[in-house]
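These protein sequence lines map, in sequence, to chains F and X. To convert, note that position 458 of the first sequence is 458 in the numbering used here; the numbers rise steadily by one, no gaps. To convert, note that position 5 of the second sequence is 636 in the numbering used here; the numbers rise steadily by one, no gaps. Ideal Cβ placement from N, Cα and C applies to all residues, glycine included.
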Amino acid sequence: MKAKSAFLQIVFLVAIMTFMALPALAQLPPEIPREDTLIVDQIFRYSTPDNYNIWTTAGTEATRHAFGWDTLWYIDQQTGEWINAVAAERPIYNEDFTEMTVKMRDGLYWSDGVELTSEDLVTTINILKANPGMRWSSELALYVEDVTAVDDYTVKFTLTRPNPRFHYYFTVRWNGVYVMPAHIWKDVENPLEYTFNPPVSLGAYVLRETDPAGYWEIWELREDWERTTTGVIAGKPGPKYILTIFHGPNEKKVMAMSNHELDILMDLDYEAFQALINRNRRARSWYKDFPWAWTDEADTRVFAINQEKFPLNLKDVRWALALALDIVEIQTEYVGGVTRVTPIPQPASVFHMEHYHKQYVPWLKELKLDLGSGEFFVPFDETIPFKIADWAREQGYDIPEDEEAIINMFGVGWWKHAPDVATKLLEINGFTRDSSGNWLLPDGTPWKISIIAAPDEADAYRLAMGAMDQWEDFGIAVEIETLERNPFYTREHMGDYDISSTWGMAGGGNANFVRDKWPFMHNFHTQFYAPIGQASLQNHMRIRSEKLDEIIDKLSNLPPEHPDVPALEEEFFKHWVENMFGIHTVSFKKFITFDETYWTNFPASENPHAQPNYWFMGGKFMYPYLEKSGR
Amino acid sequence: MSLFKRYILPRIIQWIVVIFVGTTVVFLVPRLSPMDPVQTTLSSMSSLGMANPEAIRQMEEVLMDLYGLRGTLLQQYLRFWSYLLKGDLGPSLVMFPAPVISVIGTAMPWTIGLMLVSTILAWLLGIALGTLTGYFADKTWAKILDAVIMCIYPIPNYIMALMLLFLFAYTFPLFPFSGAAGIGIKPGFNRVFIGSVLKHGFLPALSMILITTGWRFISQRALVTNVIGSDHVQYAELAALPRRKIMLNYVFRDTLLPQTTDLALSLGSIFGGALITEFVFSYPGLGQILYTAILQGDFNVIVGVSIFSIVGIATAALLIDLLYPLLDPRVRYH
């Protein structure tokens, strides 16, 4: 009996040891050295990993489109720099903007050795136009009357109507019309169903291997990387291999980066980020120390107000809501103090701070609210950044004394916390308080507000919590409706909300918004208005303003570089702020975090050589500059 | 009346009705919810730069056609059944035009592998431990075991999974963080791939076994405690039969019927996936697919996964119903 037991124990131990010795633990295949590989946080699992037709919604573009695809132009989100990629120079329009000519670079090659020519671009446009349901298909069909190859490297677009911004479709913030290899696609019978697998690459990398379950991919640097746009522009190769991997929840990303199994990740919540930098001394985000996070993604957080809902359709009420908020408390207690406040509907990124926020401070300071009876109130508070700085010092963070540095860190200012003024604004509109101090509508019924918010967008949700707490303290009954993304978007589009704690208000995916506010502004034209119950994708706040229409119409007919554009933009923002159509609070921030154990020279505040948001298509310009640490 | 007409036929009819009603409900629920896949796709496209209202309207029309969302609810419903009866679940709306059946087919083997193994192991473990601690309730080891399992049982799945990851993937890096197989390992019937699958599946399976064993353990211990007090067990003990024989032949056998029913229903429900476990371990199962589909309003995938789940549970219940007369003479008699 004892012998039998001992035998079983030995068998068990051997089985366990064999099991543990299996090579599953090694994250990378043996032929791929860790020191040659950049491991990147794949921002989600690819649902159809074997489909590389990213001209349809079936093919996933995030992260991977920076490796194998390319288009004509880019705008660097960090610097605002215009980058000629597949195009050799900026677009050339005729006088009335009905023709656009593109000069393409020569010497660019597909990964299968075929040279990129104008035929590729022409074929791309014709295929997209002819196949409804593909990305850009409806817009190209709408605008492009004809596209022709003038020679091997010149393409001429003839447009159906004047459009000084037609090149935006080929200019990357998130993506741009990806150029197709004509020699592959011209014979495809059904482009909507074609999977383009294996993909022929126009980027510096070529697909080496993909997980059928969609959790990882390995891309390998092309031997002829010098014949791609990043090779031409940067003149450097970048890591030999890039492994993208989806780890799932933040806790796992923290563990993976703590174990040096992840070199760069997209974002963490504040608490997870703190846990990570406490465990891995080589991990950091944009700033080495407080406020750590990258705050230059071109987007803002906003309490979008449905202008069709009474009493939110009243300007005074919207201003009362803004003045009942204490932005210092919201920015510090709810968001950790790590981003900039913004009083205008534009992100307070480095670029925007210089070109917009700081330029607008004089009129922000002059802005007055009419409280009736000849009484006026100046709502702008330029001391806000210094109050946030004081809070940060109390937390023990090292904050510079220089005023300009503090403004650059926390923004130019915001609206005063003035509940007394908010009270006056409500009272002149017939609002009263009950015996408990709660606000009643002019008809005597309790005033209730609902905020819709999606919890997976952590900052938006936290800001909603902050607003709820503060508005309740002010005497308004507030509830938060927690919605998943799909019902959240649907409710927004149908106008089925009072206030939405939202984002995406800076101009969508279009690259040129960094120098041209038309992509943001035109969304609020009355042509996009729809009554509650009918979908309005752009103008879900249901703004109807003749003044805004007038400005947008003028801008629509001007090219982005026209000297009249800045003044019109300023006029738009003034009108927006005076009417407080939406309460913009803070800039987007992301804890894009990198571990410098294996790779260094990531873009950072002291070395902002490229945008760090690698999952955008423009992230491709970061990779060539990474250097091996030698560890 | 023959056994078929009296017993089997009504149950088969019931099985068909359950599947029909269940499928109808899962068809209707997402369509009556505030989700709109066309708006979601348009929202995604417009946030990426699509601007012209005319173009948006055109794209909306195209997507309505492509997604098969034209017509009244009744027309959509009839169309849905006409395709379903041909085995066509339609295309995924979010991953259009990928067929739903292929999306499910990719995840199904992983879900079945993980959940079949963990369900059966948890069942065996729970039954064995529950029987032992129930029958030998006064022993010290039984009390300790009872206390340990009662401590583990209430731990939420998510916390248990993270604890295992923290211990065995981070602190003692014995197992991988993510996935179902090692990166770069080609699928096939070879030692490396099978070993990698086992190693990747170990922690997910362990987390599910630890949690579900607790429930089985409690239910089995309660059943055993009941059976111990019954006349035939008392009689066997008075007759001085060996305790091991009493436990296995008189106590354990009596508890097997309800536990078998429970096992069958649990096995039937594996087609719904194990969302939390799959999410934490990045395991490519059906739960993840269903979750993503719900978030993105992918009606066809929601319906597809749910149909597998409905058919699985209904079929398990049917099989149990049909097998009961063979297992329990009292059912046959009634």
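Checking contacts by CB at 9 angstroms: is residue i closer than that to chain X?
i: Glu578 (chain F); result: no
i: Asp496 (chain F); result: yes
i: Tyr489 (chain F); result: yes
i: Ile32 (chain F); result: yes
i: Lys240 (chain F); result: no
i: Asn51 (chain F); result: yes
i: Ile245 (chain F); result: yes
i: Leu142 (chain F); result: yes
i: Gln611 (chain F); result: no
i: Asp595 (chain F); result: no
From the DSSP output, read off the bridge partner residues of residue i.
i: Glu99 (chain F); result: F:Thr158
i: Met465 (chain F); result: Bridge partners of Met465 (chain F): none, in fact.
i: Ile83 (chain F); result: F:Tyr74
i: Thr210 (chain F); result: F:Glu217
i: Ile941 (chain X); result: Beta-bridge pairing links Ile941 (chain X) to no other residue.
i: Tyr241 (chain F); result: F:Thr37 and F:Glu220
i: Leu440 (chain F); result: F:Thr432 and F:Pro446
Quick one: grab the DSSP three-state call for residue i.
i: Met746 (chain X); result: helix
i: Pro519 (chain F); result: helix
i: Glu606 (chain F); result: coil
i: Arg874 (chain X); result: helix
i: Ser633 (chain X); result: coil
i: Asp498 (chain F); result: coil
i: Thr482 (chain F); result: strand
i: Asp41 (chain F); result: strand
i: His584 (chain F); result: strand
i: Ser435 (chain F); result: coil
i: Gly372 (chain F); result: strand
i: Thr57 (chain F); result: coil
i: Asp929 (chain X); result: coil
i: Lys288 (chain F); result: coil
Using a C-beta to C-beta distance shorter than 9 angstroms, which residues of chain X count as neighbours of residue i?
i: Ser258 (chain F); result: Tyr801
Strictly under 9 angstroms for the Cβ-Cβ distance: is residue i near chain F by that measure?
i: Trp754 (chain X); result: no
i: Leu953 (chain X); result: no
i: Ser838 (chain X); result: no
i: Ser897 (chain X); result: no
i: Met739 (chain X); result: no
i: Pro818 (chain X); result: yes
i: Met781 (chain X); result: no
i: Ser723 (chain X); result: yes
i: Phe902 (chain X); result: no
i: Leu906 (chain X); result: no
Just the chain F side, please: which residues come within less than 9 angstroms of residue i by C-beta, in chain order?
i: Leu673 (chain X); result: His493, Ala535 and Leu537
i: Phe727 (chain X); result: Thr56, Thr57, Ala58, Gly133 and Leu192
i: Val693 (chain X); result: Pro132, Gly133, Ser137 and Ser138
i: Leu888 (chain X); result: Per Cβ cutoff of 9 angstroms: no residues; Leu888 (chain X) is ~32 angstroms from chain F at best.
What residues from chain X crowd round residue i, counting only those whose CB sits closer than 8 angstroms?
i: Gly248 (chain F); result: Ser809, Phe910, Val911, Phe912 and Ser913
i: Gly113 (chain F); result: Simply none; closest approach about 26 angstroms.
I want to verify the contact list: residues of chain X whose CB lies under 7 angstroms from the CB of residue i, in sequence order.
i: Ile125 (chain F); result: Within 7 angstroms Cβ-Cβ: nothing; Ile125 (chain F) doesn't reach chain X, min ~15 angstroms.
i: Thr48 (chain F); result: Met726 and Ala729
i: Leu558 (chain F); result: Near Leu558 (chain F) there are no residues of chain X at all, since even the closest Cβ is about 16 angstroms away, more than 7 angstroms.
At a CB-CB cut-off below 8 angstroms, which residues of chain F make contact with residue i?
i: Ser664 (chain X); result: Pro487
i: Asn821 (chain X); result: Under the 8 angstroms cutoff, chain F gives no residues; its nearest Cβ is about 11 angstroms from Asn821 (chain X).
i: Gln927 (chain X); result: Arg485 and Asn486
With three or more C-beta pairs closer than 8 angstroms as the rule, is the region 167-187 of chain F touching the region 115-128 of chain F? yes
- Query: Would you call the region 926-944 of chain X and the region 714-724 of chain X in contact, with 3 or more CB pairs under 8 angstroms?
  - Reply: yes
*asked:* Quick test of the definition: if touching needs 3 or more C-beta pairs under 8 angstroms, does the region 404-411 of chain F touch the region 369-387 of chain F?
replied: yes
Contact between the region 276-288 of chain F and the region 592-605 of chain F is defined here as three or more beta-carbon pairs at a separation below 8 angstroms; is this criterion met? yes
Pairing CB atoms from the region 942-953 of chain X with CB atoms from the region 649-656 of chain X, are three or more of them under 8 angstroms?
yes
### the region 620-627 of chain F contacting the region 602-609 of chain F, beta-carbon criterion three pairs below 8 angstroms
yes
Q: Flag this pair as touching only if the region 296-309 of chain F and the region 258-269 of chain F have three or more C-beta atom pairs under 8 angstroms; answer yes or no.
A: no
>> Could you check whether the region 138-155 of chain F touches the region 680-700 of chain X, counting it as contact only if at least three pairs of C-beta atoms, one from each stretch, sit closer than 8 angstroms?
In response: yes
If contact is defined by three or more beta carbon pairs under 8 angstroms, each pair taking one atom from either stretch, is the region 786-794 of chain X in contact with the region 893-913 of chain X?
yes
Q: For the region 225-245 of chain F and the region 74-94 of chain F, state whether three or more C-beta atom pairs, one from each stretch, are separated by less than 8 angstroms.
A: yes
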